[in-house]
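Visitor: In the numbering used here, the protein residues as written are -19 to 458.
As structure tokens, this is what we get:
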């Protein structure tokens, strides 16, 4: 069971207030984020299936209720209500692994107010973190330009064991190939991988003995850590000697470098390996790698076959979190949903009202062109020019009918009455799908520095609704 105590305390005090006052209408909440992390051009939306699976089990145990009772704050009638609580709403969402952009409603929750509030913190915790890490992984994979695979080695640097598991899952969907986290490998069916630590080398009388012993135990996975003492001296020489012994047995080796100049050293090591007859030996590098470092090493033509990355992958590195938020968009009054919005002094923080849909436009080659946020009851008139309105200014542009050939709704129903309605997919399928969906975007949106800004706009009907509600609010306070 997933304890529903995984929520901010004020969610429960608000929920009790709604309960005691009999104020529990049907509502619609949107989850979206405000700005792209890492100064990038997109995110990968990740964490959905994890969220849905856990929401099916989201409830308060007897021990949870006893704890809440011990606080002396909550009425017994409310605690009785919580004792039978299960999430019972409907969820619409983007497909997991899909590229997404600021301001788009990535998840739409339709349920009663108490239900929507209780899940808020857990929903944001799951989606914000996993989307951040998947996006980081995607950026790192993109930085390699197809030259070498990314290995997730972040267990010891992650924020706790739960963070390590979530990071391993998200990283894999984002494009990493293996994980060092054995438990994550088990529960998510991710290939496990690892080489050796410096302590292995140091525990033997020589590097040669350490490498030969390891190779005898793991002949099909012999990757030697060569920078314990002298990378270009005893390290590579011992690796070559044992590597030639393994070659006679029909096996190949790899070497790993965890320090030093990662542009210079791999070039020298590659030459030494090739000259010795170990042309098929691989080179792995680690040591606080970032996508910027990877991109530089690729530009330097450093002959690297794989990248072992921990800290900057599983923690988000320079970006502490994704700024995803969860806002009320509509509430039921007299049997109909009435659009609502949060008004801010900053127009960029004024939310988009109503029950919405997002449409992605593609050209004849299935290249993504732009996204349009509409009200859910709007139809997209295929074969017509469509005006796209900027979310926070009066600017607009026309999507000419000759430019687009296909339009796809991005929000699809994922959960009904608290139960998942779609088949759960393996992480391998989610990874393949994420790669496929990202390939539909021009490379300019995926640049590491100054990426092209993907257009996300509002329909005229939604723009007019937003403007009218803002004007109504201004009239009330004047």
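Don't be surprised by glycine CBs; every beta carbon is placed ideally from N, CA and C.
From residue 76 to residue 405, what does the alpha carbon distance come to, in whole angstroms?
Guide: Approximately 10 Å between the Cα atoms of the pair.
Visitor: Given a cut-off of 7 Å on the beta-carbon distance, is the pair residue 327 and residue 443 in contact?
Guide: Not a contact, by the Cβ cut-off of 7 Å.
Visitor: Under DSSP, the beta strand (DSSP E) around residue 354 begins and ends at which residues?
Guide: 348 to 355 is the span of the beta strand (DSSP E), which, as asked, contains residue 354.
Visitor: Alpha carbon to alpha carbon, how far is residue 310 from residue 278? Give it in angstroms, no decimals.
Guide: For residue 278 and residue 310, the distance between alpha carbons rounds to 49 Å.
Visitor: For the candidate residues 173, 283, 152 and 44, whose alpha-carbon lies nearest to that of residue 162?
Guide: Comparing Cα positions, the closest option is 173.
Visitor: My assumption, with CB atoms under 8 Å, is that residue 308 sits in contact with residue 12. Please give the rounded CB distance.
Guide: That belief does not hold up - the Cβ atoms of residue 308 and residue 12 are roughly 12 Å apart, past 8 Å.
Visitor: When you compare the CB positions of residue 114 and residue 154, do they come within less than 7 Å of one another, or not?
Guide: Taking 7 Å as the Cβ cut-off, residue 114 and residue 154 qualify as a contacting pair.
Visitor: When DSSP labels each residue in this structure, what does residue 79 get in the three-state scheme?
Guide: DSSP places residue 79 in strand when its eight states are reduced to three.
Visitor: Check for me: the beta strand (DSSP E) holding residue 473 runs from which residue to which?
Guide: In this structure the chain extends from -19 to 458, so residue 473 is not present and cannot be described.
Visitor: Would you list, in sequence order, the uninterrupted beta strand (DSSP E) runs of no fewer than 3 residues that lie entirely inside the region 422 to 458?
Guide: List check, beta strand (DSSP E) in window: 436 to 438.
Visitor: Compute the Euclidean distance between the alpha carbons of residue 386 and residue 282, then round it to the nearest angstrom.
Guide: Going from the Cα of residue 386 to the Cα of residue 282 covers about 41 Å.
Visitor: In chain order, what residues of the same chain have a beta carbon less than 8 Å from the beta carbon of residue 47, not counting five sequence neighbours either side?
Guide: So the list reads -15, once near-sequence residues are dropped.
Visitor: Using C-beta distances below 6 Å, list every residue in its chain close to residue 54, excluding the 5 sequence neighbours before and after it, in chain order.
Guide: Excluding sequence neighbours, residue 54 sits near -4 and 48.
Visitor: Going by CA-CA distance only, name the one from 290, 329 and 179 that's closest to residue 84.
Guide: Checking every option, the nearest Cα to that of residue 84 belongs to 329.
Visitor: Between which residues of its own chain and residue 81 is the CB-CB distance below 7 Å, once the five residues before and five after are set aside?
Guide: Closer than 7 Å at Cβ, skipping near neighbours: 22, 351, 434 and 436.
Visitor: Please report the Cβ distance between residue 117 and residue 151, rounded to the nearest whole angstrom; I am assuming they are in contact, meaning their Cβ atoms lie under 8 Å.
Guide: Right, their Cβ atoms sit about 4 Å apart.
Visitor: DSSP three-state call for residue 67: helix, strand or coil?
Guide: Coil, per DSSP.
Visitor: Are there three or more Cβ pairs, one per stretch, closer than 8 Å when the region 226 to 238 is compared with the region 186 to 205?
Guide: Yes, since at least three Cβ pairs between the region 226 to 238 and the region 186 to 205 fall closer than 8 Å, the two stretches touch.
Visitor: Excluding five sequence neighbours on each side, which residues of the same chain lie with their C-beta closer than 7 Å to the C-beta of residue 223?
Guide: Same-chain partners within the cutoff: 233, 258 and 261.
Visitor: Based on DSSP bridge pairs, tell me the residues matched to residue 72.
Guide: Bridge partners of residue 72: 88 and 393.
Visitor: Please report the distance separating the alpha-carbon of residue 337 from that of residue 398.
Guide: Taking the straight line joining both Cα atoms gives about 21 Å.
Visitor: Along the chain, where does the beta strand (DSSP E) that runs through residue 385 open and close?
Guide: No beta strand (DSSP E) holds residue 385; DSSP gives it neither H nor E.
Visitor: Which runs of the beta strand (DSSP E) fall wholly inside the region 164 to 251 and span at least 3 residues, in chain order?
Guide: DSSP runs (the beta strand (DSSP E)) wholly in the region 164 to 251: 202 to 205 and 233 to 237.
Visitor: Any idea if residue 375 is buried or exposed, counting beta-carbon neighbours within 10 angstroms, 16 or more meaning buried?
Guide: Residue 375 comes out exposed.
Visitor: Can you tell me whether DSSP reads residue 345 as helix, strand or coil?
Guide: In this structure, residue 345 counts as coil in the three-state DSSP scheme.
Visitor: Under the rule that 16 or more other beta-carbon atoms within 10 Å means buried, what is residue 134, buried or exposed?
Guide: So residue 134 ends up on the buried side.
Visitor: So, are the CB atoms of residue 288 and residue 120 less than 7 Å apart?
Guide: The answer is no: Cβ separation not under 7 Å.
Visitor: Go through its chain and collect everything with a Cβ distance to residue 15's Cβ below 7 Å, but skip five positions before and after it.
Guide: Excluding sequence neighbours, residue 15 sits near 82 and 303.
Visitor: Measure the CB-CB distance between residue 428 and residue 271 and report whether it falls below 7 Å.
Guide: Against a cut-off of 7 Å, the Cβ pair of residue 271 and residue 428 comes out as a contact.
Visitor: With 16 as the cutoff for other CB atoms within 10 Å, does residue 97 come out buried or exposed?
Guide: With 16 or more other Cβ atoms within 10 Å, it is buried.
Visitor: Going by DSSP in three states, residue 6 sits in which element: helix, strand or coil?
Guide: In this structure, residue 6 counts as strand in the three-state DSSP scheme.
Visitor: Output needed for residue 285: all residues of its chain with C-beta closer than 7 Å, excluding positions within five of it in sequence on either side, in chain order.
Guide: Taken in chain order, the residues that qualify are 128, 262, 263 and 264.
Visitor: Can you name the start and end residues of the beta strand (DSSP E) that residue 301 belongs to?
Guide: Careful: residue 301 lies outside any beta strand (DSSP E) and carries neither H nor E.
Visitor: Going by DSSP, what residue range makes up the alpha helix (DSSP H) through residue 143?
Guide: From DSSP, the alpha helix (DSSP H) with residue 143 extends over 140 to 154.
Visitor: Hey, would you say residue 100 sits closer than 7 Å to residue -9, going by beta carbons?
Guide: In this structure, residue -9 lies closer than 7 Å to residue 100 by Cβ.
Visitor: What separation, rounded to the nearest whole angstrom, lies between the Cα atoms of residue 341 and residue 432?
Guide: Using only the alpha carbons, I get a separation of about 17 Å.
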